[in-house]
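Structure first, commentary second.
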Amino acid sequence: MTGRRRTAFPRPFQFVIGTVAAGALLLSGCGALPGGSGGAGEPVTVMTWAPDRVDDADAVTMPGVPAMARTYARWVNEQGGIDGRELRVITCDERDTAAGAERCARQAVDRKVAAVVGSYSRHGQSAIPVLESGGIPYIGGYGASEEEFRSYLSYPVNGGQSALLAGHGRQLAGGCERVALVRPDSLGGARMPQLLNTGLLAAHRPGSTDILAPENATSYDEQAARALDRREGGSCVTAVLGAGTETFFDSFRRLEPEGERVRVSSVLGSVSQPLIDRTGGPKSPFEGAYVTGWYPDAGDARWNGMREVIQKYAFGDNRIDPDDTGVQTTWIAYTVLRAVVGTIDDDAVTANKVTSSLNRGTEVDTGGLTPVLRWRFKDLLGTSPYPRIVNAEVTFQVVRKGRLIAQKKGFVDVAEALSDARRTVG
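Following our numbering, the numbering of the sequence shown begins with 25 at its first residue and continues without gaps.
Below you can see the structure in the form of structure tokens.
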């Protein structure tokens, strides 16, 4: 998914960032909250984790995620906190390892946080069971692991890669007569064709040609040549290889016959605005590509509130890119937290009270960045591979002049496509 490889209070507002065990940071204020009630309730302590410092060259880093969490806390605390409660954010470097994910989760349990919010991890199998044992809700994770869409204590704000693929089939059906799918030769990759094909077949297009590729390869010339061999008029080539997508399309464009420009496509997480910028903008291999995302395109006015907060409270922290989907998901997740805490009348905000509020059906308006979110039982998609999805809507985007912009206005609901795929995706 998205990420990049290593590459006082009555007095003037102050924060203390202190080192905590295992590289975590605690962000808090001192004294009473300006504009608040001066003690309307106890502080609300949450955790956000993501990989930052990594040892493996193939690991994903998401430094903007914890940085966005700390920026959100600065902003909300200066506004008086959440109903007068100070928001404290502990961050933990997950290091893109199973051991790191488990360590962060255990720290969350030990610190008795009210929730883990807006985090990124590909190792949900190591982290989520620990949170379940401690009764800690997981709100608005990026969606990089299957456990986020299965755990009874997970409250996702998007439909994960499954929704993107199901939606991408519908997007491609509108402009591609045939599709070649280049995807990882892995268990997770094996599920991709069925999801993509639900949208294609519903529009009476043929199913995609399945081209397997190794993960983290240094070249994809063989797969690019196979995709080009199958090209015909109206053909499109889509690649969903995570960080390897950039390498594939570099190979593909180099082998493409002179004078031809085959339509390419992908999903958010494999392609992003920062990646397009880094690879040449209008001259990048992605120019003209169809891309399916979870949220409105980064230039949409609905992101202006987040951008203003980053500009004022991030203090020039260049880890925070407002075009990055991880940063955007963290913003939405903290919007959920703020709404939920606002429904709790007791002085102490605990994990159990947060979970109860979510399960009772607290509605969260994200300002149009998602549909209104709610996690009652009847709001859940309920299909066996991803029972916790409540937001099965995606957006259709296209790369024009180096920018991801809306190809189609509004959201597209792919809940039916996800349900249709359930017989073959388990």
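Glycine included, every Cβ here is placed at the ideal spot set by N, Cα and C.
Collapsed DSSP secondary structure at residue 156 in the structure displayed: helix
Cβ pair residue 163, residue 393 closer than 8 Å: no
Closest residue to residue 405 among 183, 374 and 177 (Cα-Cα distance): 183
Length of the line joining the Cα atoms of residue 303 and residue 309: Spanning the two alpha carbons is a distance of roughly 7 Å.
Residue 86 - DSSP class collapsed to helix/strand/coil: The three-state reading of DSSP puts residue 86 in coil, since its state is none of H, G, I, E or B.
Buried/exposed call for residue 342, threshold 16 Cβ in 10 Å: With fewer than 16 other Cβ atoms from the protein chains shown falling within 10 Å of its own Cβ, residue 342 counts as exposed.
Which listed residue (305, 408, 414 and 103) has its alpha carbon closest to that of residue 398: 414
Check whether residue 243 and residue 286 have beta carbons under 8 Å apart: no
Sequence-distant residues of the same chain with beta carbon closer than 6 Å to residue 445, five excluded per side: The residues 218, 219 and 222, in chain order, have a CB closer than 6 Å to that of residue 445 in the same chain once the five nearest residues on each side in sequence are set aside.
Alpha-carbon to alpha-carbon, residue 211 and residue 176: 24 Å
Assigned secondary structure, residue 315 (DSSP; H/G/I helix, E/B strand, else coil): strand
Straight-line gap, residue 436 to residue 94 (C-alpha atoms, nearest Å): Residue 436 and residue 94 have their C-alpha atoms roughly 32 Å apart.
Straight-line gap, residue 366 to residue 234 (C-alpha atoms, nearest Å): 48 Å
Contact check, residue 291 vs residue 192, beta carbons under 8 Å: yes
Segment limits, alpha helix (DSSP H) that includes residue 355: Boundaries of the alpha helix (DSSP H) harbouring residue 355: 349 to 365, taken from the DSSP string.
Residue 289 versus 282, 277 and 283, residue with shortest Cα-Cα distance: 277
Three-state secondary structure (DSSP) of residue 200: Residue state, collapsed to three classes: coil.
Boundaries of the beta strand (DSSP E) in which residue 235 is found, first to last residue: Where residue 235 is concerned, the enclosing beta strand (DSSP E) stretches over 233 to 237.
Distance CB(residue 391)-CB(residue 326) smaller than 8 Å: yes
Secondary structure of residue 248, DSSP reduced to three states: helix
Same chain only: Cβ atoms within 8 Å of residue 431, ignoring 5 sequence neighbours per side: 195, 314, 420, 421 and 422
Beta-carbon gap between residue 429 and residue 321 smaller than 8 Å: yes
Counted within 10 angstroms of its Cβ, other Cβ atoms place residue 117 as buried (16 or more) or exposed: The Cβ neighbour count for residue 117, taken over all protein chains shown within 10 Å, is at least 16; the residue is labelled buried.
Spatial distance of residue 155 from residue 266 (CA atoms): Straight-line spacing of the CA atoms in residue 155 and residue 266 works out to 27 Å.
Residue(s) in a DSSP beta bridge with residue 71: 114 and 140
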